[in-house]
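Numbered per the numbering used here, the sequence shown spans residues 1 to 121. We put the CB at the ideal spot given by N, CA and C, even for glycine. Structure first, then comments.
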Amino acid sequence: MVRARMSTWIVTAPLIVGTWCAISAPAAMAAEAQAQQEVAPGEAIPMSNAVRAVGIALAAAVTMAGAAMATARVQAAVGAGGTGVLAEKPELFTTIIILIAIPETLVILGFVLAYVLVGLI
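Set out below in structure tokens:
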């Protein structure tokens, strides 16, 4: 039971964090942009902009890595079960392939969220 709950958090936590960052980052950046002036070429970047850029990049990395790890864990379980099923019923091949492909949507969602976050830098 504890393992099932942990698996659920491994899958959902990166997506929740990534979604929260993608939703809250534009509002924070808009407020900060109004408070700061434009940086001319050749001038140093203000520290607050550098910290924000690092934070957004870190959020993108955590989102992508978490989605990839969660997908790997789910595909390992489905693949192990699918191998046993295919040994007994080879006619279920397409069903097993579909069940293995469904978790890939998690990686695609993580990639899209990471791409959006990197675009905010």
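- Within the same chain, Cβ atoms closer than 7 Å to the Cβ of E104 are found at T71, the five residues on either side in sequence being excluded.
- When DSSP states are grouped into helix, strand and coil, L120 belongs to the coil group.
- By the criterion of at least three beta-carbon pairs nearer than 8 Å, the segment 81-89 is not in contact with the segment 47-67.
- The beta carbon of A60 sits closer than 6 Å to those of A114, L117, V118, all from its chain and outside the five residues before and after it, given in chain order.
- Note that the C-beta distance between V107 and A68 is below 8 Å.
- Put simply, the backbone Cα of T94 is about 21 Å away from that of R73.
- Going by DSSP, I102 is part of no alpha helix (DSSP H) at all; its letter is neither H nor E.
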